[in-house]
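To start, the structure itself, in C-alpha cells.
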Amino acid sequence: MRQIYKSLEKAAYRSAWGLTLALGMSCTDGKEEVKIAAPEPVKEAPALNEVQIEEPVYEELEPRTQNSQVPIKYRVNGAYMRLCNVVKSTKAWREGSLEEKRLEMDELKKYSKRFGDFKAGRLTDLEAQELIVEMETYTNSTMMFELGERAKRRK
C-alpha cells in the first residue's frame, strides 16, 4: 500500500491525472483503489467591510516654487541644452536657407553669450532665473511654431 501511495504521489505531480488526485478523487492502480485526501481548503478572503484600510497621512508641506530643490546651475544648463536641441531640430535649421539659419544662429549666440556669463559667474541668481525663463520661453515658442508648421504641412 505504501509503495502504491508513493507511486501515485509521483504520478500526481508528473501526469495529467495529477489534478484528479489533488482534488481528492479516487483512482485505481489495477489492484486496489486508493483515496488521496484533498488539500486543506483555502480560507476565504474577508468581506470588504471587514477589511481595515489605513488612510494615508498627508503632511502639510510649504508651497514650493518650480524646481526650487534643484541647484540653479543645473537648471540653467538644462534650459540651455533644451534650447540648443530644439533650435537644431527645427526645419529652418535642417532644411532652411542660409538667411533662416543665420537668424536662428543669432538667437542661439545671444543665449550662448549669456550662458557663458553665467558659467563664468558674472550673473546673479536673479539674473540666472531670468535667463532660464527667457530660454524656456524661446524654446516653447519655437516648439509651438514647429508644431504649427507640421500641422499646416499635414493638411
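Take 412 as the starting number for the sequence shown in this note's numbering and just add one per residue. From the three backbone atoms N, C-alpha and C, an ideal C-beta is built for every residue, glycine too. Note that this is a predicted model, so its numbers are computed, not measured.
With respect to the 8 Å criterion, residue 497 and residue 548 are not classified as neighbours on the basis of their beta carbons.
For the pair of segments examined, the stretch 487-497 was found to touch the stretch 513-525: the number of CB pairs separated by less than 8 Å reaches three.
Spatial neighbours of residue 543 in its own chain (CB-CB distance under 7 Å, excluding positions within 5 residues in sequence) are listed in chain order as 486, 487 and 490.
For residue 548, the enclosing alpha helix (DSSP H) begins and ends at 536-565. Residue 483 is not a Cβ neighbour of residue 528, given a cutoff of 8 Å. Of all alpha-carbon atoms in 501, 480 and 481, the one lying nearest the alpha-carbon of residue 558 is that of 501. The three-state reading of DSSP puts residue 489 in helix, counting H, G and I together. Residue burial annotation: residue 509 is exposed, with fewer than 16 other C-beta atoms found within 10 angstroms of its C-beta. Taken atom to atom, the span from the alpha-carbon of residue 511 to that of residue 566 is near 24 Å. Of the other Cβ atoms in all chains shown, 16 or more fall within 10 Å of the Cβ of residue 526; this residue is therefore buried.
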